[in-house]
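Q:
Residue numbers (UniProt numbering): 1 to 205.
(1) Measure the alpha-carbon distance for residue 193 versus residue 108 and round it to whole angstroms.
(2) Can the beta-carbon of residue 139 be found less than 7 Å from the beta-carbon of residue 67?
(3) From residue 150 to residue 144, what does the alpha carbon distance come to, in whole angstroms?
(4) Hey, out of 46, 38, 42, 186, whose CA is closest to residue 241's CA?
(5) Pull up the CB-CB distance for residue 147 and residue 78, whole angstroms please, since I reckon it's below 8 Å.
(6) Ordered along the chain, which non-local residues of its own chain (more than five positions away) have a Cβ less than 8 Å from that of residue 45?
(7) Between which two residues does the alpha helix (DSSP H) holding residue 109 run?
(8) Mark residue 135 as exposed unless 16 or more other C-beta atoms lie within 10 angstroms of its C-beta, in which case mark it buried.
(9) Just to confirm my understanding: we take residue 93, look at its own chain, exclude 5 residues before and 5 after, and list those with CB closer than 8 Å. What are they?
(10) Which residues share a DSSP beta bridge with residue 66?
(11) Please determine, among 62, 130, 115, 99, the residue with the shortest C-alpha to C-alpha distance to residue 189.
(12) According to the neighbour-count rule (16 or more other Cβ atoms, all chains shown, within 10 Å of its Cβ), is residue 86 buried or exposed?
(13) Take residue 128 and list the residues in its own chain whose beta-carbon comes closer than 7 Å to its own, dropping the five residues that flank it on each side.
(14) Hey, would you say residue 105 sits closer than 7 Å to residue 123, going by beta carbons?
(15) What are the boundary residues of the beta strand (DSSP E) that includes residue 169?
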């Protein structure tokens with residue numbers, strides 16, 4: 001018969017993610033160094049291990065290009081929209097529309113009934129003005145809802161059907177040598193203005 005032997009209780013290692021410990025005391029893998037710690041509140045933080053930290057200046061954004069700034073230059077924005085390239089790419093160009101992101105791009109083009117691949121130089125002035133007006137209005141609503149912690153109803157973004165029940169198309173669209181972004185559009189509500197109907201091209205402002 002085996003004799004019972006008293007043993008020391010096995011120590012279970014602590015969970016490495018413990019909100020009651022300061023980040024610098026949290027156990028890490030051997031050799032890891034916490035290069036950067038971002039604190040969000042009293043309990044949440046994000047640690048980047050084995051990373052290189054480099055100080056660099058952020059891209060300069062003119063007030064005239066900031067969609068939410070009182071100094072936003074609407075005439076300059078219209079000139080940017082009128083160039084011979086897809087309007088969905090122009091809207092994401094932070095040199096002209098600082099603050100506009102992918103969701104805003106999708107929603108604005110749907111509300112303006114403009115196909116994302118239509119060239120700005122092919123569109124009538126009223127369509128360009130509609131894009132600009134919806135961009136300003138939607139971006140302001142977006143910010144106000146964020147500040148009030150309210151949701152915002154989407155018309156086309158991540159939808160399978162548009163408000164009228166038409167099938168929505170999803171594509172990755174972007175500049176030839178740039179980042180491609182998911183784009184949702186309704187071919188029925190947003191007819192594509194083809195290049196054969198082009199007006200004389202203008203230079204990119």
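Ideal Cβ positions, reconstructed from N, Cα and C, are used throughout, including at glycine.
A: Inspection of the coordinates gives the following:
(1) Along the chain shown, one-based indexing puts residue 193 at 193. Along the chain shown, one-based indexing puts residue 108 at 108. Cα-Cα distance, rounded: 17 Å.
(2) The count along the chain shown starts at 1 and reaches residue 139 at position 139. The count along the chain shown starts at 1 and reaches residue 67 at position 67. Contact flag set, yes.
(3) Here the question's residue 150 lines up with position 150 in the chain shown. Here the question's residue 144 lines up with position 144 in the chain shown. For residue 150 and residue 144, the distance between alpha carbons rounds to 8 Å.
(4) Here the chain comprises residues numbered 1 to 205, so residue 241 is not present and cannot be evaluated.
(5) In the chain shown, residue 147 corresponds to position 147, counting from 1. In the chain shown, residue 78 corresponds to position 78, counting from 1. That pair is no contact at about 28 Å.
(6) In the chain shown, the residue the question calls residue 45 occupies position 45. Contacts found: 23, 37, 38, 39.
(7) Reading the chain shown from its first residue, position 109 is the one you call residue 109. Run containing residue 109: 102 to 111, per the alpha helix (DSSP H) assignment.
(8) For the purposes of this step, residue 135 is identified with residue 135 of the chain shown, where counting begins at 1. Answer is buried; the Cβ neighbour count reaches 16.
(9) Taking the first residue of the chain shown as 1, we reach residue 93 at position 93. So the qualifying residues of the chain are 80.
(10) Position 66 of the chain shown holds residue 66. Per DSSP, 98.
(11) Translated into the one-based positions of the chain shown, residue 189 becomes position 189. Residue 189 has its Cα closest to that of 115, out of 62, 130, 115, 99.
(12) If you number the chain shown from 1, residue 86 lands on position 86. Buried, because 16 or more other Cβ atoms sit within 10 Å of the Cβ of residue 86.
(13) Within the chain shown, the letter at position 128 stands for residue 128. Excluding residues within five positions, the ones whose Cβ falls inside 7 Å are 78, 81, 82, 120.
(14) Your numbering for residue 105 matches position 105 in the chain shown. Your numbering for residue 123 matches position 123 in the chain shown. Contact flag unset, no.
(15) Along the chain shown, read from residue 1 onward, the residue named residue 169 stands at position 169. Element bounds for residue 169: 169 to 173.
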